[in-house]
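Take a look at the structure set out below.
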Amino acid sequence: MIQFNTPEWFFLIPLLLAAGWKYRRLRLASPLRLLLQTCLLLALAQPALDRGGKDMDLWVLVDQSNSTAGIPAAGAEEIQAILERHKHAGDRVRLVDFAQSAVLRGRGDPVFAGGTAGTDMEQALAYTMALMSPNRTNRILMLTDGWPTTPLDQAAEQLIQSRIPVDYRLSVTFREADIRIEQIRTPARIRPGEAFILEATLAGPPGPAITVPWQISKNGGAPLRGTATLLNGKATVRLADRLSTPGCSAYEMTITPQNDPIPENNRAVSFLEVTGGNGVLLLSGYDRDPLAPFLEAQGFRVQQPSGLNRLDARHLSGVGLVIINNLSASSVPPDFLHALDYYVREQGGGLLMCGGRHSFGSGGYFSSPIDELLPVSMEMKKDKMKLMTAMSIVLDRSGSMSCSVPGGKTKMDLANAGTCQTISLLSDQDLISVHAVDSEPHPIVTLSSLGPNRKKMISSVSRIASMGGGIFIGAGLKAGWRELQRSVAGTRHLLLFADADDSEEPADYRETLKEMVKEGATVSVIALGTEKSADAGLLREIAELGRGRIFFCDRPGDIPSIFAQETVSVARAAFIRERTLLRGTAGWLQIAAGQPEWPPAVDGYNLCYLRNGATAACVTEDGNAAPLVSFWNRGTGRTAAVTFAMGGELGKNIQQWDGYGDLIQTLARWLNRKNPPQGYSVRADTAGDRLRIRLYYSEENIPRLAERMPEISLELSGKESSHTQNGIWEHLQPGIFQCSFPLPHGVMARGAVRIGGSVIPFGPVSQQVDPEWAMPPESGNAFLDLVNRTGGRERMDLPSIFREPRPGTCLQLRPILLWSACVLLVLDALFTRTGLLPRGQPRQGVTRSRPSGENNQSI
């Protein structure tokens, strides 16, 4: 039996008959052309031939996502056994596990290893259809809670076209009493000082009124508390606010209903951007930074955050330039330093680092996330080392160090790699010792010089393994100090690496540290965790009493870099504190109209070296010829380095220089991000677990877009890592391009749209509520609509699925008809050109005979 998927094309038959009657010269009724029209018309109607094939493949899709509470997975084997007992001969039952990804059961790991924080039902259906055999009847049974986190439009159309019904069996998760935050509504952007309304919608079970306590905080500050009353399952909280400072503000709302079965959807976060041009974010190690008055006098909007430990990517919104002025790397959160790389390279921002005793290499920026951004390098030079350095490294090898991290390594492996990097960076004359500590210290390398022992030390350290238990801090400090006491080196430093959630038995650590400081030794700490970890206070106190630095690291992948930062800070004479003559170069003319009258000398500077491709505007006249002012382009942004002190005791003479203000404002204007191009606007919002970016453009920009398409990139930052990906635009309609990316909950997204040489930054954006637990009604309705459109239904009686009519498999005739039409078209052209087709006989009585003797020559 032949079926037509699009029979509406047959309405063209009357039009073809009328055209054949009116335009006879087209000869539409000739045999070849009649066959050609028939083939094309049938191809448009998409005929399919039923070939039988009554054997059925039943695909059971098992929802493994978090919102199902494991109910479908727990009952999958029992359901499979029931289906196997009642299937017909020749039928097959196949299981597919899915959540954020899908995998056929029986391929690979028997335990589902995909992410479970989302329900990508559309991807699972597409994956299953790709596995189906076209010669068998296929049907889908979904064991799910019925809440997809992705749209189902494309999957529904493909299932309908392939005539594959979708049945379902819902898992019961007791959600009837769930009270949740549906969403927080705020404007996408506001102007400084503009009032706005924050509207939060709460949802719950219909019925009697329910009182729900709530609280809302802004940027982590003191929360505002109140209660909302759910009437018929709905409540709205409205608050008015006004923001005067440009940038990005975060509003976090939490509710605490009683006996709530799903607490995961009781928290929501919304970001609000306050526009105001490209400001300057000034991170300073001075109480009163000397740069701020000059920048403000030139019209720059300067922000000086007080809580540096709360800095993150949000603080880069509305900022065109970041200045780090004599502030150590340990004072800046690692996440913020990581965010600066994308901010400069992709979002077109500027970065300026100014010198001082807490800047560049001496400030711990060697091998930091912004090291490669700067136009100067801070690598160690053997001839610039201090006379001798003795370092003792104490490593935590407790049970927590055996945890794996992305990349297939353990935390212990990364600590070993950091220690090996320290061994590689020190000079031959330096001394080092290494202890691995659990319930007692274990000497791995006793204090000895690196010269002849470097390779052997690296080999021994790289084999350190986690042996379980905890770390006894007091015993580790004593063991490291005993090693340092054997040395007479000018610099003696102990570096402690410990888990901030598992540091035990500090014993008499204060006495040990007091003795160390008295004899000129220092102690720094690398704490694996955050400032909120259980033992963070103990480790911070150890660093303070030891007159060293503390680095909190919640990204294990950063551990080797932090070891390198600390090594350079301790072992290298990075800051030269002596009066040094200088001279200007022609490089300054690349960013300014004329040469300034440079001061004759500086009182001290950070010893750095100009990178290849960078430009030096001013250099020292000592034997180092080190760059004092340098700059270059990085991606779409720019960075600069001023290696002499701009403030404090060592910057007094520079501050009295007449060109001090001109130097600041020239660098600031050159580095500051360019204004976005006119006639464009970018909007970003979320739909399910995807981020949707739309680029609006005016008609005047159409010729420019025709020459070169805009480029879009996105950085996704999570708790442990971040990555960048590029997108592909979809022309949604005239004036609008659209691009979408997956956006998991708990991940912050920032992006940039590049149009020629200009950049439009956007973000940050994140999911307000975890899509896996949001469960909006439209999501459940979309799933039921898919089931109804494909001809499926809810299956309480599982064996009945095998009693459903089986349409069999179909042979699509459209390709055969299209090839036939091509052959007929070629034949018609051939016969028409060669005259092989009969053109009909002349009518009788019309033919005239020529008179005799008439010339038959043609003209």
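Position 355 of the sequence shown, counted from 1, bears residue number 355 in the UniProt record's numbering, the numbering being contiguous throughout.
Beta carbons are placed, not taken as given, at the ideal position from N, Cα and C, and that holds for glycine.
Just so we're clear, the structure is a prediction, and the values are computed from it rather than from any experiment.
Whether residue i touches residue j by CB criterion (8 Å)
i, j, result
"S630", "V376", "yes"
"D603", "N653", "yes"
"A250", "L230", "no"
"A617", "L610", "no"
"R549", "S328", "yes"
"G146", "Y127", "no"
"P72", "T144", "yes"
"G349", "V302", "no"
"S65", "A99", "yes"
"E84", "V96", "no"
"T567", "G546", "no"
"R555", "P334", "yes"
For residue i, the nearest candidate out of the options (CA to CA)
i, options, result
"A586", "G594, Q665, S800", "G594"
"T254", "A268, P246, L243, L582", "A268"
"K218", "A240, T211, G623", "A240"
"P799", "L58, D535, Y697, G735", "L58"
"A465", "A534, T446, L395", "L395"
"R189", "L295, T410, T275", "T275"
"E656", "A99, P263, P599", "The question names Glu, yet the displayed sequence has Gln at residue 656. Among A99, P263, P599, the Cα nearest to that of Q656 belongs to P599."
"A706", "E194, N726, G756", "G756"
"G299", "V103, A43, Q665, R795", "Q665"
"L70", "K411, R692, S171", "Leu is not the amino acid found at residue 70; the sequence shown has Gly there. It is S171."
"P134", "G118, E794, I164, N675", "I164"
"Q767", "R690, W819, P734", "R690"
"L12", "Q429, L40, N5", "L40"
"P676", "G746, V434, V753", "V753"
"R463", "L450, W588, V434, K478", "V434"
"G751", "R242, L495, E715", "E715"
Closer than 7 Å: residue i CB and nearest the ligand FAD heavy atom
i, result
"R547", "By its list of ligands, the structure shown contains no ligand whatsoever, and the ligand FAD lies outside what it can speak to."
Alpha helix (DSSP H) segment containing residue i, residue limits
i, result
"M121", "121–131"
"V769", "Segment: none, V769 is in no alpha helix (DSSP H) and carries neither H nor E."
"N788", "777–790"
"W819", "814–834"
"N653", "652–655"
"P677", "Note, P677: premise wrong, no alpha helix (DSSP H); not H, not E."
"S569", "559–571"
"R803", "No alpha helix (DSSP H) contains R803, which DSSP labels as neither H nor E."
"T666", "660–671"
"R750", "Counting along the chain, R750 falls outside any alpha helix (DSSP H), though it belongs to the beta strand (DSSP E) covering 748–755."
Three-state secondary structure (DSSP) of residue i
i, result
"F366", "coil"
"E84", "helix"
"S400", "helix"
"L308", "helix"
"L243", "coil"
"F11", "helix"
"L374", "coil"
"G207", "coil"
"P761", "strand"
"L732", "strand"
"Q347", "coil"
"Q158", "helix"
"H723", "strand"
"R288", "coil"
"S849", "Only weak support exists for where S849 lies, its pLDDT of 45 falling under 50; the value from the coordinates is given anyway. S849: coil per DSSP, three-state reduction."
"S858", "Because the pLDDT of S858 is 38, which lies under 50, any placement of that residue in the model is unreliable, and the question is left without a value."
"T149", "coil"
"E699", "helix"
"G20", "helix"
"L743", "coil"
"L283", "strand"
Delimiting residues of the beta strand (DSSP E) encompassing residue i
i, result
"C608", "That residue, C608, is in no beta strand (DSSP E); it is neither H nor E in DSSP."
"L36", "Per DSSP, L36 belongs to no beta strand (DSSP E); it is in the alpha helix (DSSP H), 31–44."
"N416", "Where N416 is concerned, there is no enclosing beta strand (DSSP E), although the alpha helix (DSSP H) it sits in stretches over 411–425."
"L539", "No beta strand (DSSP E) holds L539; the alpha helix (DSSP H) holding it covers 536–545."
"V166", "166–170"
"residue 868", "With the chain covering 1 to 859 only, the question about residue 868 has no answer from this structure."
"E273", "267–274"
"R225", "224–230"
Mind pulling the alpha helix (DSSP H) runs of 4 or more residues that sit fully within the stretch 444–519? 454–461, 473–485, 509–518
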